[in-house]
Amino acid sequence: MIAFVTMSFHNPAGLSDAERNYASKLLQETQIELLNKLRRLTPEQLNFKPDTASWSIAECVEHIAVTESGLFGISQSAMKQPADPSRRSEVKMSDEALVKMITDRNTRYKATDAVKPSGRYASNEAALKEFISKRESHIEYIKTTSDDLRNHYHVFPFGTIDAYQSILFMAGHSKRHTDQIEEIMNNASFPKKKG
297 MIAFVTMSFH
307 NPAGLSDAER
317 NYASKLLQET
327 QIELLNKLRR
337 LTPEQLNFKP
347 DTASWSIAEC
357 VEHIAVTESG
367 LFGISQSAMK
377 QPADPSRRSE
387 VKMSDEALVK
397 MITDRNTRYK
407 ATDAVKPSGR
417 YASNEAALKE
427 FISKRESHIE
437 YIKTTSDDLR
447 NHYHVFPFGT
457 IDAYQSILFM
467 AGHSKRHTDQ
477 IEEIMNNASF
487 PKKKG
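Now the structure itself:
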């Protein structure tokens, strides 16, 4: 009788457990933080602007929802190119340094027209629902993918990052704008709840 042995093969180019855990935890924590900030806000609070040049909380949520899809798309478009381990030296920033850079509110960036708030969702709830749906699928992807995210790249204005780092960038981006929401809520003129 012949015994068949089932062997599992580890994809050496895939993510390590530590990388998988770091990204999925960052994605989950930044989602929870955003949802906690938005809990029980009134329409007046959601639409309050500190000044004419600033975004409202609702506009921040729209921007987060739109950018969630865009940044994941960047990661996936990088995967369409052949894997190229020889380009690893182009990636100059560590995972942690990348997250620190994008979450640092002391450095300002100008959003491109494609991701600026424009009222593309029917309501704040619709924008938030879109974000949650996308974020949940991105968490599932990072937990289960066997894609070689480390050897596919995208060139940003600040430098080259790999497809895995594009996903970290996405999580850091939502954290950045959650911090912006907190700044809006801390504004002296932010509407107080009645009663």
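Following this note's numbering from start to finish, the sequence shown increments by one per residue and tops out at 491. Each residue gets a CB set at the ideal place from its N, CA and C atoms; glycine is no exception.
Next item on the list: Check whether the segment 383-391 touches the segment 449-456, counting contact only when three or more Cβ pairs, one atom from each stretch, lie closer than 8 Å.
Entry: The segment 383-391 is in contact with the segment 449-456.
Check: Between the beta-carbon of T403 and the beta-carbon of G468, is there less than 7 Å?
Finding: For T403 and G468, no; Cβs fall outside 7 Å.
Notebook entry, point to check: CA-CA distance, N482 and L445?
Noted result: Going by C-alpha positions, N482 is about 39 Å away from L445.
Note to self: Let's test the definition: count the other Cβ atoms within 10 Å of the Cβ of T474 and tell me whether it reaches 16, buried, or not, exposed.
What the structure shows: So T474 counts as buried.
Notebook entry, point to check: Does DSSP classify G455 as helix, strand or coil?
Noted result: Taken through DSSP and simplified to helix, strand or coil, G455 comes out as strand.
Margin query: As a quick exercise: from Q476, S485, A484, pick the residue whose alpha carbon is nearest that of L334.
Written below: Here the closest residue by C-alpha is Q476.
Item checked: CB contact flag (F427, E364, <7 Å) -> Taking 7 Å as the Cβ cut-off, F427 and E364 qualify as a contacting pair.
Next item on the list: Leaving aside the five residues before and after I298 along the sequence, list all residues of the same chain whose C-beta is less than 8 Å from its C-beta, in chain order.
Entry: Summary for I298: the model assigns pLDDT 44, below 50, so the residue's position carries little reliability; its value from the coordinates is reported in the next sentence. Closer than 8 Å at Cβ, skipping near neighbours: no residue.
Next item on the list: Would you check if the distance between the CB atom of N343 and the CB atom of S350 is smaller than 7 Å?
Entry: Not in contact: N343 and S350 (Cβ atoms no closer than 7 Å).
Notebook entry, point to check: Whose C-beta lies closer than 6 Å to the C-beta of P381 among residues of the same chain, with five residues either side of it excluded?
Noted result: Within the same chain, P381 has close Cβ partners N447.
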